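These notes are about the structure you will find just below.
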Amino acid sequence: MEELKAELADILEPSKRDRRFLISLLQEIQQRLGYLPEDAMLALADFLGVPGSTVYGVATFYNQFRFAPQGKHQVKVCMGTACHLAGGQLVLEAMSRELQVDVGGVTPDRTFGLERVACVGCCALAPVVVINGAVYPRMSPPKVEEVLVNIKLGNREHTIE
Numbered sequence: 004m005e006e007l008k009a010e011l012a013d014i015l016e017p018s019k020r021d022r023r024f025l026i027s028l029l030q031e032i033q034q035r036l037g038y039l040p041e042d043a044m045l046a047l048a049d050f051l052g053v054p055g056s057t058v059y060g061v062a063t064f065y066n067q068f069r070f071a072p073q074g075k076h077q078v079k080v081c082m083g084t085a086c087h088l089a090g091g092q093l094v095l096e097a098m099s100r101e102l103q104v105d106v107g108g109v110t111p112d113r114t115f116g117l118e119r120v121a122c123v124g125c126c127a128l129a130p131v132v133v134i135n136g137a138v139y140p141r142m143s144p145p146k147v148e149e150v151l152v153n154i155k156l157g158n159r160e161h162t163i164e
């Protein structure tokens, strides 16, 4: 815990020792660590002088906070209405098979994380996958392997057709 407090020392500044900074401190910690481990939330609770349950309650209320390490490449499969109707579920299943990880999970080497998202706002390009912010339109199960191989090889090119 002391190592973690040392790592977070520049975030947990005395000038921010006020409960009103709870959300912004959670955001900064997540940005630094990639997620919110239990020890970090307890360190924050200790810093602010509030119960750990208060920090946990706030963190679980907001959708932006993660409690498990994420993959280096975040794969987000859109399951909004247009994507779902255009075969988004099949694309999601193909991604899961290819990555050998369940939805919401991370590959053992933490290279890929797989998420199902509600909508990415590219309905005319359905079904859509977003990887590291790059939009992959008109996805299909056969395209899944090609996209993942290119990412593994470091090719970041993508096209919006």
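Counting from 4, one number per residue, gives the positions in the sequence shown under this note's numbering.
Even glycine gets a Cβ: it sits at the ideal position worked out from N, Cα and C.
Note that the coordinates shown come from a computational prediction; the quantities given were computed from them, not determined experimentally.
Cβ-based burial, residue i [other Cβ within 10 Å; buried from 16]
i           : result
residue 39  : buried
residue 33  : buried
residue 88  : exposed
residue 79  : buried
residue 94  : buried
residue 156 : exposed
Cα-Cα separation, residue i to residue j
i           : j           : result
residue 44  : residue 110 : 25 Å
residue 163 : residue 139 : For residue 163, the pLDDT reaches just 43, beneath the cut-off of 50, and the residue's location in the model is therefore unreliable, leaving the point undetermined.
residue 28  : residue 145 : 42 Å
residue 103 : residue 152 : 14 Å
residue 154 : residue 52  : 44 Å
residue 67  : residue 30  : 9 Å
residue 114 : residue 20  : 36 Å
CA nearest to the CA of residue i, picked from the options
i           : options            : result
residue 141 : 70, 63, 85 and 66  : 85
residue 120 : 70, 83, 54 and 154 : 83
Reduced DSSP secondary structure (H/G/I, E/B, other) of residue i
i           : result
residue 126 : helix
residue 137 : strand
residue 107 : coil
residue 83  : coil
residue 150 : helix
The region 67-76 contacting the region 91-99, beta-carbon criterion three pairs below 8 Å:
no
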